[in-house]
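Reviewing the structure listed below.
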Amino acid sequence: MHKVKNIMNLTLKRLGIKKRYNAESVLYHWPQIVGEKIASHSWAVKVQNETLLVKVSNSVWCHHLSTMCDDIVNKINAFAGEKLIADIRFQAGYLKDYQNNVEGTESEEFPLSYLLRQFSLSQQELASAVEVTQHAADQEVRTKILPILKRSMALRKLRQSQDWIPCRVCGALSPPQAGICPVCSREERHRRLGEIRRLMADVPWVDYTEFNTYCSCTPDEFRRAKNELIEKYRREVYRQHADTIQTSGFVMLVTGLKPDELTVEIIAKTLAGNRRKNYVSTSGS
Numbered sequence: 000m001h002k003v004k005n006i007m008n009l010t011l012k013r014l015g016i017k018k019r020y021n022a023e024s025v026l027y028h029w030p031q032i033v034g035e036k037i038a039s040h041s042w043a044v045k046v047q048n049e050t051l052l053v054k055v056s057n058s059v060w061c062h063h064l065s066t067m068c069d070d071i072v073n074k075i076n077a078f079a080g081e082k083l084i085a086d087i088r089f090q091a092g093y094l095k096d097y098q099n100n101v102e103g104t105e106s107e108e109f110p111l112s113y114l115l116r117q118f119s120l121s122q123q124e125l126a127s128a129v130e131v132t133q134h135a136a137d138q139e140v141r142t143k144i145l146p147i148l149k150r151s152m153a154l155r156k157l158r159q160s161q162d163w164i165p166c167r168v169c170g171a172l173s174p175p176q177a178g179i180c181p182v183c184s185r186e187e188r189h190r191r192l193g194e195i196r197r198l199m200a201d202v203p204w205v206d207y208t209e210f211n212t213y214c215s216c217t218p219d220e221f222r223r224a225k226n227e228l229i230e231k232y233r234r235e236v237y238r239q240h241a242d243t244i245q246t247s248g249f250v251m252l253v254t255g256l257k258p259d260e261l262t263v264e265i266i267a268k269t270l271a272g273n274r275r276k277n278y279v280s281t282s283g284s
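Residue numbers are given in numbering that gives the first Met the number 0: position 92 of the sequence shown equals residue 91, and the series is strictly consecutive.
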């Protein structure tokens, strides 16, 4: 059984859709991951750029779930067996209406139907796709992943015709000039930003010019890492989970002040002027 599962995982990874498969599985198993009580007030909708969109019955539950965000993220990633989710966006709306009408939306992000006409799959390839999906535990996941798998196989044939080459990291096809597939490239950027954030947490007051003497990076990498670190600290402060170091770090990131320039008044004023952003939103946002 483990051998069969490994074959499926390798096939999905080679085609570059393993994360998509894991995302579909997480959406389907949402009640199992978070428990029936939370699931009765929420509905996992989609995963995009490592952010999970969750519809919630009302703003009260939005607030309640936002305080549990880190715990839910950890549960999701443990279920998926990889770091699939980095954040969750909770959106209040008409939950029951959404649940009743969500079927049939899985192909919105994969507009590749033309590939199936231009690069049609052989009977053997179609049978192989069906065989791979049969190893999924749930019928709904199998039903959703099959068209994605077939489109990915067609896309692979197209890329082979365009002289794409195996990714130097995972082996999936990638543009000749890149040498690395989009998934691995994104993961490398994520690791790179993580390294920058870790160093920035030690010297949160420095500007780009000074920081670049410690760690060579582009202005865009510096800006993104700083914004992500600010948002991380903002969440901790809002949830009252932040310690003194995180609170001071947040203030220094926002103001550019050094540790010896901070005062109780400056910290209080900065925190009051920087409320958390849109972690809880309405259906119209």
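Every residue gets a Cβ at the ideal spot worked out from N, C-alpha and C, and that includes glycine.
Once DSSP output is grouped into helix, strand and coil, what is the label at residue i?
| i | result |
| --- | --- |
| D69 | helix |
| T243 | helix |
| I75 | helix |
| T217 | coil |
| D201 | helix |
| Q133 | coil |
| Q161 | coil |
| L120 | coil |
| T254 | helix |
| Q31 | helix |
| D259 | helix |
| L83 | coil |
| W173 | At residue 173 the sequence reads Ser, which differs from the Trp that was named. DSSP places S173 in strand when its eight states are reduced to three. |
| R88 | strand |
| V236 | helix |
| S56 | coil |
| N273 | coil |
| V168 | coil |
| S39 | coil |
Using a 10 Å radius around the Cβ and a threshold of 16 neighbouring Cβ atoms, would you call residue i buried or exposed?
| i | result |
| --- | --- |
| G248 | buried |
| P203 | buried |
| R150 | buried |
| E81 | exposed |
| R190 | exposed |
| K18 | buried |
| T132 | buried |
| A79 | buried |
| T212 | exposed |
| I244 | exposed |
| N21 | buried |
| A271 | exposed |
| I147 | buried |
| I265 | exposed |
| V182 | buried |
| V263 | exposed |
| A267 | exposed |
| T142 | exposed |
| V129 | exposed |
| V205 | buried |
Less than 9 Å separating the beta-carbons of residue i and residue j?
| i | j | result |
| --- | --- | --- |
| I37 | L64 | yes |
| A91 | C61 | yes |
| T246 | V253 | no |
| I156 | L125 | Here residue 156 is Lys; the residue named in the question, Ile, does not match the sequence. Going by C-beta atoms, K156 is not nearer than 9 Å to L125. |
| L26 | K45 | yes |
| E49 | I144 | no |
| V168 | E139 | no |
| S160 | C166 | no |
| D137 | H40 | no |
At a Cβ threshold of 9 Å, is residue i touching chain C?
| i | result |
| --- | --- |
| Q161 | The question asks about chain C, but that chain is absent: this structure has only one protein chain. |
Using 8 Å for Cβ pairs, my map puts residue i next to residue j. What's the rounded Cβ distance?
| i | j | result |
| --- | --- | --- |
| P218 | Y207 | 6 Å |
*Would you call the region 192-203 and the region 219-236 in contact, with 3 or more CB pairs under 8 Å?*
yes
*Three CB pairs or more closer than 8 Å across the region 32-42 and the region 70-77*: yes
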